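In UniProt numbering, the protein residues as written are 1 to 381. Right, one structure below, let's go through it.
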Amino acid sequence: TCFSFVFSFTSDRCPRMVAFGNILLDISVELKDGKILHDFDLKPDDQREVPADKLAALVSVAVETCGNPIYNPGGSALNTCRILRALGEKNIIFCGAVGVDENGQILQQILKDCALNTCIQTLPDEMTGTCMCLISGDKRSLNANIGASLHFKKEFVSSRWCQSKIGVCKSAAHTNIDEDVRIFYIEGYFVPEKFHICTYIYEQYCKGTANLLVTNLNASYILQEFTTEMRFLVEHADLVFGNLAEFIALAQIYNCDDVDALARLLIKPYRKHNRNKILIATDGCRSVRLYYGAGSKFVAECYPVPVIQGNLVIDTTGAGDSFVAGFLYKFMNDESPTLVDCIRYGCKVAGKVIRQVGCNLPSSVPSSPSIAPSAKEGMIP
């Protein structure tokens, strides 16, 4: 596509991107067979939230049976921020919550070591979120209990301390496309129990400004269980990420025959000065679908994903989050990038990440549960 954009992504007074999401400690093991999946009634390529007691039992059995667990920070928006930071983007901040426990200490130390700016609420009465990742070849079963993240408070976001880190400055009303722009990124997993925070972020920072609201669909069950809330996000967002299965689920919610019809429906009412609403649907190793436009303008395109030999693929858990990181890095840092440039760079970054365990670039893999080397910047030219 020849469509490109010219944004000035804010000064040093405020972060260029503020992300909100759940914080998890990911524990990954490679399955030897399908017994654990069968015993716990799990699918080999699925994601779900499970009660704390069931998760504790699953973690115990998986670690004992498979051995060699690998620990990584997890959470969709956090993964995206960590990869952005490893690529060299310093002026971002992640907001979330942890418990006052060992896993929370491990996570905060890893985030400190990778030099990611954070605004973390600590909740003494809650456990830190945990995700058990069961890896079978290129498939993964993700089983999470988000713990403290479920109880992240709006009062914390609006507190003077948090506001001082996020920055209270707003862009002026969008009369000039070259004005300063900030991204406010909200993952779909953040919506349960915290939708009032999502609307606060939109009203406080995005409504009537040049700032961009960006969201990630994340999972079909989020769309199905929190339909009203997710409709608000996708309708107000300037940029929506998700995989094809999630967009198909969203199309069903809107009673659309297919994703193309859904994209037309969401794009038609979009009215921002010299702006296009953008939808990005990834389809694994096959393709990336791009939709953009505003009002009567509508463009739909599809781009192949570069081929990666199967024997090089280690863990696809972070593929989607790292694609978003690569896309946004190009989106924020290149002068007049096209959307194709952003898609290609997103694919390139994701292609590096899926060769590691966890959502990491080769230089930023935590070396132990409690110690992580500082992320080296600019690993992907």
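Here a beta-carbon is modelled for each residue, glycine too, at the ideal position from N, C-alpha and C. Please read these numbers as outputs of a predicted model, since none were measured by experiment.
For residue 35 and residue 293, the gap between their C-alpha atoms comes out near 48 Å. Excluding residues up to 5 positions away in sequence, 138 and 354 lie with their Cβ nearer than 6 Å to the Cβ of residue 316 in the same chain. Rounded to the nearest whole angstrom, the CA to CA distance from residue 112 to residue 298 is 43 Å. For residue 263, the CB contacts under 6 Å within the same chain, skipping 5 residues up- and downstream, are 279 and 291 in chain order. Of the candidates 181, 281, 134 and 330, the residue whose Cα lies closest to the Cα of residue 314 is 134. Here DSSP, grouped into helix, strand and coil, assigns residue 232 to helix. In the pairwise beta carbon analysis, the stretch 153 to 167 is classified as not touching the stretch 54 to 63: fewer than three pairs are separated by under 8 Å. DSSP places residue 131 in the uninterrupted beta strand (DSSP E) bounded by 128 to 136. When 312, 340, 145 and 348 are compared, the shortest CA-CA separation from residue 321 is found for 348. In the DSSP annotation of this structure, the continuous segment of the alpha helix (DSSP H) that includes residue 263 starts and ends at 259 to 267. Distance from the CA atom of residue 41 to the CA atom of residue 48, rounded to whole angstroms, is 12 Å. Residue 220 and residue 249 do touch by the CB rule: their CB atoms are close to 4 Å apart, below 8 Å. Of 238, 65, 129 and 124, the smallest CA-CA separation from residue 72 is found for 129. In the DSSP assignment, residue 142 forms a beta bridge with 47 and 133. The C-alpha of residue 115 lies about 28 Å from the C-alpha of residue 210.
The stretch 187 to 204 makes contact with the stretch 232 to 244; the number of CB pairs closer than 8 Å reaches 3 or more. By the Cβ neighbour-count rule, residue 330 is buried, with 16 or more other Cβ atoms within 10 Å of its own. A distance below 6 Å between beta-carbons, with the five flanking residues on each side excluded, links residue 91 to the following residues of its chain, in chain order: 15 and 16.
Here DSSP, grouped into helix, strand and coil, assigns residue 121 to strand. Taking each of 78, 46 and 39 in turn and checking the Cα distance to residue 62, the smallest one comes out for 39. For residue 93, the secondary structure class from DSSP, reduced to helix, strand or coil, is strand. Going by beta carbons, residue 325 and residue 83 fall inside the 9 Å limit. The straight-line gap separating the alpha-carbon atoms of residue 307 and residue 328 is approximately 22 Å. One thing to note: residue 107 has its Cβ within 9 Å of the Cβ of residue 25. In the DSSP assignment, residue 159 falls outside any beta strand (DSSP E) and carries neither an H nor an E. In the DSSP assignment, the residues bridged to residue 281 are 242 and 289. As computed with DSSP, residue 216 is found in a beta bridge with 187 and 241.
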